[in-house]
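Chains as they are written, first to last, in our numbering: chain G, 672 to 789; chain R, 134 to 248.
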């Protein structure tokens with residue numbers, strides 16, 4: 672099955688700096704890579720996702736890049752703010768393929784605790 | 134819309150006791166999932182369902198059973214709780230369009246402690 676490795680496990684930055692979180696995956700059939708943000712005591716919420724036919728996607732201060740050849744993808748947060756402090760999870764999925772058995776199941780990385788110091 | 138809801142929010146059990154966690158969604162999603170979240174291990178899939186009356190095993194199914202008698206509800210059961218099942222449990226649901234890349238919507242979680 673799919674295996675997703677996420678690094679670093681903790682990341683501490685100063686407000687205004689950039690933060691980068693990296694993930695690698697093992698199954699070359701994976702084609703959907705979402706990122707979830709989880710604030711303390713809250714549920715995971717999708718912040719950005721990328722599909723295998725795209726190399727980069729940006730949404731305001733956050734961006735995600737995908738290297739299918741190397742099987743890794745990264746989350747980039749620029750101009751970090753204290754409210755960006757949370758746990759971030761990457762995930763990989765084969766999507767919901769016709770006739771297959773993927774059913775959109777996600778395999779998650781171990782999570783990165785991001786702390787942004789004012 | 135309430136989205137995905139979970140009952141209860143917190144529970145403390147003694148070893149050997151049983152309980153059922155309820156997940157409900159009002160988005161007419163076909164797919165539903167149960168995860169457990171443990172420190173440093175991300176979210177791991179316990180069981181999932183691709184429609185009313187169907188269930189399937191995920192990554193860590195041992196010690197859990199599930200049922201999907203109604204499309205909007207997905208129940209997770211612990212028949213004989215063990216301390217190793219102390220965790221935060223999240224339910225999620227998603228659309229089922231073939232060929233799609235479906236966002237999973239999560240419930241607020243249930244914090245379970247087994248003594």
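Using N, Cα and C, we set each Cβ at its ideal position, and we do this for glycine too.
Residue i burial status per 10 Å Cβ neighbour count (16 or more: buried)
i                      : result
residue 741 of chain G : exposed
residue 213 of chain R : exposed
residue 170 of chain R : buried
residue 139 of chain R : buried
residue 751 of chain G : buried
residue 780 of chain G : buried
residue 201 of chain R : buried
residue 157 of chain R : buried
Residue i - DSSP class collapsed to helix/strand/coil
i                      : result
residue 141 of chain R : coil
residue 216 of chain R : helix
residue 162 of chain R : coil
residue 676 of chain G : strand
residue 705 of chain G : strand
residue 722 of chain G : strand
residue 714 of chain G : coil
residue 685 of chain G : strand
residue 700 of chain G : coil
residue 151 of chain R : coil
residue 146 of chain R : strand
residue 225 of chain R : strand
residue 245 of chain R : strand
residue 135 of chain R : coil
Anticipated Cβ contact below 8 Å, residue i with residue j, distance rounded
i                      : j                      : result
residue 875 of chain G : residue 783 of chain G : Coverage of chain G is limited to positions 672 through 789, which leaves residue 875 of chain G absent and any answer about it impossible.
residue 721 of chain G : residue 737 of chain G : 5 Å
residue 166 of chain R : residue 237 of chain R : 7 Å
residue 709 of chain G : residue 762 of chain G : Actually they do not touch by this definition, with Cβ atoms about 12 Å apart.
residue 227 of chain R : residue 162 of chain R : 6 Å
### Task
Pick out the complete alpha helix (DSSP H) segments inside the stretch 726-787 of chain G, 4 residues or longer, and give them in chain order.
For secondary structure counted as the alpha helix (DSSP H) over 4 or more consecutive residues, the stretch 726-787 of chain G holds no complete run.
### Message
Closer than 9 Å between beta carbons: that is the criterion. Which residues of the stretch 706-717 of chain G meet it against chain R?
### Response
For the stretch 706-717 of chain G, the beta-carbon criterion of a distance under 9 Å to any beta-carbon of chain R is satisfied by 707, 709, 712, 713, 714, 715, 716 and 717.
### Task
Note down, one range per segment and in chain order, each beta strand (DSSP E) of at least 3 residues found wholly within the stretch 164-214 of chain R.
The stretch 164-214 of chain R contains these whole beta strand (DSSP E) runs: 164-170, 176-182, 198-200 and 206-211.
### Message
Under 7 Å, CB to CB, which of the residues in the stretch 157-181 of chain R have a partner in chain G?
### Response
So the list reads 164, 173, 174, 175, 176, 178 and 181, given in the order they occur along the chain.
### Query
When Cβ atoms are compared, which residues of the stretch 688-699 of chain G fall closer than 7 Å to chain R?
Per Cβ criterion, the list is empty.
### Task
Closer than 9 Å, Cβ to Cβ, to anything on chain G: give me those residues from the stretch 185-196 of chain R, in chain order.
Here the close residues are 189, 191 and 192.
### Message
Taking beta-carbon pairs under 9 Å, can you tell me which members of the stretch 742-760 of chain G lie near chain R?
### Response
For the stretch 742-760 of chain G, the beta-carbon criterion of a distance under 9 Å to any beta-carbon of chain R is satisfied by 760.
### Message
Give me the subset of the stretch 138-151 of chain R whose CB atoms are less than 8 Å from a CB atom of chain G, sorted by chain position.
### Response
Taking 8 Å as the Cβ-Cβ cut-off against chain G, none of the residues of the stretch 138-151 of chain R qualify.
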